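Numbering (our numbering), first residue to last: 142 to 620.
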């Protein structure tokens, strides 16, 4: 079953009768803040009014009651009713959750809670209701910030650290599942780094997994540590009991200030296509991300990143896989300079790159893509060639020295004409129209050179091929 069939966003849709808004916002006595500003933990904000309340300073024994911690943090957890006008005057919308991060009424929630809606009413634990406006929203991380109108002296929560969380730590989810306000559930952190789960095309999600109950209506609500700090933003529900997912708060702490300042996120970009380091590279202990394509005219091409390079770190921070690399680069802005630690031809080296601005998915469709990434169309290319010369049988049969491809000479090199199903060439991702550039690190211009390169290293096959305006490299074991 595809990921889309297993996971869904925890936003509770409502019928029209349930979407009626209040007639105004209460200005009666405000609830006191959980703690003083002097004790507050740091969250994004511009002034003292933005300081949040500090939660507890020690962890609870799991056998103790959560009530003291919840007394401090629940006043800052809100229900969000989002609505928009449909055809024939009908209303559509739903209920989500959120949490207040500043005394002047900034609320964090999910992008999918506010996307496509134009009216929002936010209800606090004490029953007060506020109209709200969207300040900024980012679909690629599913994070949004809204501003409560006329709000002041509101309770707020602090942002903790998801990096410090360990699998098995207790966590607490608070929100409005199925419209049931201020529902509290408890569980453990089941896993970290769960990838996109197939929920977001071109997304940057890196979910926390928990068995705390998360249901439709929990979207945007906080996942707390036992000290009462926000460690995640609840967002997705698994297709089975005990599967809930949250956006790590460390990712949110990067996005939230940019949404407050600019209303959107503009991300840095290298201009590469890659993948996780495959097992065939196991002779090197480092993980990293393998560069398969470098697009012409991109920062990667300008500053000398090559297909076949492995990126081990960005500004000294280790890279575990390709999604990790993509996420780290996305934390920077265009024109920022980063230092990449690379493994190239078995030697470590460093490369400084000035990042460009990441194009939209539509714009990326104009670039040839070796991986066939979601939302990126792959243009068909036909190599310029001279009159066909004798086609090779040497690369077309069995044995270790065979790729299982048919090639012909062209002015650009050896052009792939056909790829046999199930062959080494197919496993390497070769396609008709590709131009073979290197095999096992050796330049090739003839069938004999390809065969010799394969025979020289019988344990593997590594091929660099040009496709359109980019070059890709791939490797597999050949036994």
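Think of the CB as a built atom: it goes at the ideal place given N, C-alpha and C, for glycine as much as any other residue.
Please read these numbers as outputs of a predicted model, since none were measured by experiment.
Beta-ladder partner(s) of residue i, from DSSP
i, result
"residue 491", "482"
"residue 614", "605"
"residue 583", "580"
"residue 313", "327, 365"
"residue 355", "Its beta-bridge partners do not exist; DSSP assigns none."
"residue 300", "371"
"residue 289", "273"
"residue 497", "410"
"residue 551", "554"
"residue 436", "611"
"residue 451", "431, 484"
"residue 592", "DSSP output for residue 592 lists no bridge partner at all."
"residue 284", "279"
"residue 332", "350"
"residue 459", "454"
"residue 560", "546"
Any non-hydrogen atom of the ligand GDP closer than 8 Å to residue i Cβ
i, result
"residue 221", "As for the ligand GDP, it is missing from this structure, which has no ligand bound."
Closest by C-alpha distance to residue i, when choosing among the options
i, options, result
"residue 278", "565, 431, 398", "398"
"residue 298", "557, 463, 214, 579", "214"
"residue 466", "413, 436, 487", "413"
"residue 288", "265, 245, 280", "245"
"residue 586", "580, 554, 559, 493", "554"
"residue 456", "334, 477, 607, 273", "477"
"residue 313", "303, 441, 366, 491", "366"
"residue 257", "311, 224, 604", "224"
"residue 384", "354, 372, 568", "354"
"residue 371", "204, 248, 556, 567", "248"
"residue 309", "319, 327, 593", "327"
"residue 222", "216, 445, 262", "262"
"residue 217", "592, 268, 260, 334", "268"
"residue 442", "226, 488, 494, 487", "494"
"residue 291", "270, 499, 335", "270"
"residue 549", "568, 349, 589, 569", "589"
"residue 570", "364, 612, 350", "612"
"residue 266", "241, 260, 259", "241"
Anticipated Cβ contact below 8 Å, residue i with residue j, distance rounded
i, j, result
"residue 362", "residue 315", "6 Å"
"residue 496", "residue 450", "Contact doesn't hold; Cβ gap of about 16 Å is too wide."
"residue 360", "residue 253", "7 Å"
"residue 332", "residue 264", "Contact doesn't hold; Cβ gap of about 33 Å is too wide."
"residue 448", "residue 614", "4 Å"
"residue 429", "residue 418", "5 Å"
"residue 282", "residue 388", "7 Å"
"residue 274", "residue 347", "Not a contact, Cβ separation roughly 29 Å."
"residue 498", "residue 410", "6 Å"
"residue 373", "residue 390", "6 Å"
Residues of its chain near residue i, where Cβ-Cβ distance is below 7 Å and the 5 sequence neighbours each way are ignored
i, result
"residue 416", "431, 433, 463, 512"
"residue 527", "Its pLDDT being 35, under 50, residue 527 is placed unreliably in this model, and the coordinates cannot settle the point."
"residue 211", "325"
"residue 376", "150, 151, 251, 283, 360, 386, 387, 388"
"residue 259", "225"
Neighbourhood of residue i by C-beta, 8 Å cutoff - its chain only, sequence neighbours within 5 removed
i, result
"residue 307", "330"
"residue 400", "276, 277, 278, 279, 284, 285, 286, 406"
"residue 321", "358"
"residue 460", "428, 429, 430, 452, 453, 454, 466, 469"
"residue 205", "none"
"residue 576", "524, 551, 553, 554, 555, 556, 557, 606, 607, 608"
"residue 352", "328, 329, 331, 383, 384, 385"
"residue 445", "492"
Other residues of its chain near residue i: CB distance less than 6 Å, five sequence neighbours each side excluded
i, result
"residue 179", "Caution is warranted here: a pLDDT of 38 is assigned to residue 179, below 50, making its placement in the model unreliable, and the coordinate value is therefore given only provisionally. Taken in chain order, the list of residues that qualify is empty."
"residue 317", "220, 236, 238, 358"
"residue 394", "300"
"residue 471", "345, 408"
"residue 165", "Model confidence at residue 165 stands at a pLDDT of 36, short of 50, so the residue's coordinates are unreliable and nothing is read from them."
"residue 566", "544, 545, 546, 560"
"residue 579", "605"
"residue 564", "545"
"residue 335", "348, 350"
Self-check item: alpha helix (DSSP H) runs contained entirely in the stretch 194-279, provided each spans 4 or more residues
Solution: 208-214, 252-255
Exercise. Quick one: which unbroken alpha helix (DSSP H) runs of 4-plus residues sit fully inside the stretch 378-420? Chain order, please.
Key: 390-403
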